[in-house]
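Trainee: Residue numbering for the sequence shown follows our numbering, starting at 3 and increasing by one per position. The beta-carbon is built from N, C-alpha and C at its ideal position, and this holds for glycine as well. Computed from a prediction, not measured in an experiment: that's the story for all the values here. Take this structure, written in structure tokens, and hold onto it; I'll ask about it next.
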Amino acid sequence: FAGNKPIMAVDLDGLEPAELIDGNGHLTKPIIALLNTAFDFSESTLSATIWREGGVPPGKGAITLDDIVHYCHEDAKNGSILSWIPWIAHEQTHRDEAGNLGSLSQSIWYVNYGIGWLSVLNYKNNPAEVRAYDNEDIARNDLPLYDIALILRSNSSEKVKTLKLASIGYNFKLRQLNKEKAKWEKLNDGSKTISTPDGSEYTSNKISEINGEIRSTEQKLKKNDKDLNNAEGQENQAKQNENTQNHTRPK
Numbered sequence: 003f004a005g006n007k008p009i010m011a012v013d014l015d016g017l018e019p020a021e022l023i024d025g026n027g028h029l030t031k032p033i034i035a036l037l038n039t040a041f042d043f044s045e046s047t048l049s050a051t052i053w054r055e056g057g058v059p060p061g062k063g064a065i066t067l068d069d070i071v072h073y074c075h076e077d078a079k080n081g082s083i084l085s086w087i088p089w090i091a092h093e094q095t096h097r098d099e100a101g102n103l104g105s106l107s108q109s110i111w112y113v114n115y116g117i118g119w120l121s122v123l124n125y126k127n128n129p130a131e132v133r134a135y136d137n138e139d140i141a142r143n144d145l146p147l148y149d150i151a152l153i154l155r156s157n158s159s160e161k162v163k164t165l166k167l168a169s170i171g172y173n174f175k176l177r178q179l180n181k182e183k184a185k186w187e188k189l190n191d192g193s194k195t196i197s198t199p200d201g202s203e204y205t206s207n208k209i210s211e212i213n214g215e216i217r218s219t220e221q222k223l224k225k226n227d228k229d230l231n232n233a234e235g236q237e238n239q240a241k242q243n244e245n246t247q248n249h250t251r252p253k
């Protein structure tokens, strides 16, 4: 069982914005790219998740059961596209940790979720919910939600939208990694070095690990931006060709 507090999220055309969730209840390619690059959620769990209205009492927001996120109509009927992204980040944290239906990891996750709840007897203090709320807050406070909304609402192709949101996700991840690196560097001054039981300098190893992630993310961002430039160039050329044909067409 996993749930979150009520959110206010509605689109003019329905409860869930079509730019985020398609007619079959699956996340769209652009939002999958954003969450994959920003939070390292696996594409497999993102693609397999189904968002479905119903089965949740008012005041409970959403519940993740197996591969399905059930959400309450009453809790979702007011709001904007901006409030959906943090909500999705919350529930997809559960989905990413649990894995897809039928996997051993999913069974283990639900057992640990129950153990976590019993250990604190409090929903929000359950370790699984703490992690999910952390990602929800990060998405709400650190992601450029208005820029994301503008891209999703634009007339660009799905490919261009996907690459643009991937770029936002990679840049977001780099900012988070550099913040994490700065925290560890403060500890690595000699007197505050944290050591593991075998005597190795954990802080130095952690900084090296983060540096490796930064380099890898920078390389992925560079390739993504190159693909984005090519895709935008092709899209602009297609629009120019269409305009030329319209101007030269006999009236």
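Distance, Cα to Cα, glutamate 237 vs aspartate 149?
Mentor: Position 235 of the sequence shown holds residue 237. Position 147 of the sequence shown holds residue 149. Their backbone Cα atoms lie some 20 Å apart in a straight line.
Trainee: What number of angstroms, rounded off, separates the C-alpha of aspartate 229 from the C-alpha of asparagine 157?
Mentor: Sequence index remark: in the sequence shown, residue 229 carries index 227 (1-based). Sequence index remark: in the sequence shown, residue 157 carries index 155 (1-based). Straight-line Cα distance between these residues: approximately 18 Å.
Trainee: Which runs of the alpha helix (DSSP H) spanning at least 4 residues fall entirely within the region 27-81, listed in chain order?
Mentor: DSSP runs (the alpha helix (DSSP H)) wholly in the region 27-81: 31-41, 45-50 and 75-78.
Trainee: Would you call arginine 97 buried or exposed, if buried means 16 or more other Cβ atoms sit within 10 Å of its Cβ?
Mentor: Here the question's residue 97 lines up with position 95 in the sequence shown. It is buried - the Cβ of arginine 97 has at least 16 other Cβ atoms within 10 Å.
Trainee: In chain order, what residues of the same chain have a beta carbon less than 6 Å from the beta carbon of glycine 57, not counting five sequence neighbours either side?
Mentor: Here residue 57 refers to the residue found at position 55 when the sequence shown is read from its first residue. The residues are His72.
Trainee: Could you name the residues of the same chain whose beta carbon sits closer than 7 Å to that of isoleucine 153, not counting the 5 residues immediately before and after it, in chain order?
Mentor: Position 151 of the sequence shown, counting from 1, holds the residue named residue 153. Cβ within range, chain order: Lys163, Lys166 and Leu167.
Trainee: Any contact of the region 112-132 with the region 18-31, i.e. 3+ C-beta pairs under 8 Å?
Mentor: They do not touch, by the three-pair rule.
Trainee: Let's see if you can read the secondary structure: which residues bound the alpha helix (DSSP H) around serine 85?
Mentor: Your numbering for residue 85 matches position 83 in the sequence shown. Start and end: 83-100.
Trainee: What residue from Lys181, Asp136 and Leu145 has the CA that sits closest to glutamate 93's CA?
Mentor: If you number the sequence shown from 1, residue 93 lands on position 91. Nearest option by C-alpha distance: Asp136.
Trainee: If you draw a straight line from the C-alpha of proline 227 to the C-alpha of serine 105, how long is it?
Mentor: Locating residue 227 in the sequence shown gives position 225, where the first residue counts as 1. Locating residue 105 in the sequence shown gives position 103, where the first residue counts as 1. Checking the sequence shown, residue 227 turns out to be aspartate, not proline. Rounded to the nearest angstrom, the two C-alpha atoms are 35 Å apart.
Trainee: Is it true that the CB of leucine 36 sits closer than 8 Å to the CB of glycine 171?
Mentor: Within the sequence shown, residue 171 is the residue found at index 169, counting from 1. Within the sequence shown, residue 36 is the residue found at index 34, counting from 1. Contact: yes.
Trainee: Would you mind stating whether glutamate 76 and proline 60 have Cβ atoms separated by less than 8 Å?
Mentor: The residue labelled residue 76 in the question sits at position 74 within the sequence shown. The residue labelled residue 60 in the question sits at position 58 within the sequence shown. Yes, the pair counts as a contact, with Cβ atoms nearer than the cut-off.
Trainee: Could you name the residues of the same chain whose beta carbon sits closer than 7 Å to that of lysine 175, not counting the 5 residues immediately before and after it, in chain order?
Mentor: As a first step, residue 175 must be located in the sequence shown, where it is residue number 173. So the list reads Thr39, Ala40 and Thr219, once near-sequence residues are dropped.
Trainee: Tell me, which residues are paired with isoleucine 23 by DSSP?
Mentor: Stepping through the sequence shown from its first residue, residue 23 is reached at position 21. Answer is Leu29.
Trainee: In terms of alpha-carbon separation, which member of Cys74, Ser159 and Lys208 lies closest to asparagine 180?
Mentor: Here residue 180 corresponds to residue number 178 of the sequence shown, with the count starting at 1. The shortest C-alpha separation from asparagine 180 is found at Lys208.
Trainee: Lysine 241 and glutamate 160 - do their beta-carbons sit closer together than 8 Å?
Mentor: If you number the sequence shown from 1, residue 160 lands on position 158. If you number the sequence shown from 1, residue 241 lands on position 239. Contact: no.
Trainee: Is the Cβ-Cβ distance between serine 69 and asparagine 114 less than 8 Å?
Mentor: Taking the sequence shown and counting its residues from 1, the one referred to as residue 69 is at position 67. Taking the sequence shown and counting its residues from 1, the one referred to as residue 114 is at position 112. Contrary to the premise, residue 69 reads as aspartate rather than serine in this sequence. Going by C-beta atoms, aspartate 69 is not nearer than 8 Å to asparagine 114.
Trainee: Who are the Cβ neighbours of leucine 147 in its own chain at under 7 Å, not counting the five residues just before and after it?
Mentor: One-based indexing of the sequence shown puts residue 147 at position 145. Result list for leucine 147: Leu84 and Ile87, in chain order.
Trainee: Run through DSSP, which three-state label would asparagine 114 get?
Mentor: Reading the sequence shown from its first residue, position 112 is the one you call residue 114. If DSSP states are grouped into helix, strand and coil, asparagine 114 belongs with the helices.
Trainee: When the Cα of lysine 183 is compared with those of Glu234, Leu48, Ile212 and Arg155, which residue comes out closest?
Mentor: Residue mapping note: residue 183 aligns to position 181 of the sequence shown, counting from 1. For the residues Glu234, Leu48, Ile212 and Arg155, the minimum Cα distance to lysine 183 belongs to Ile212.
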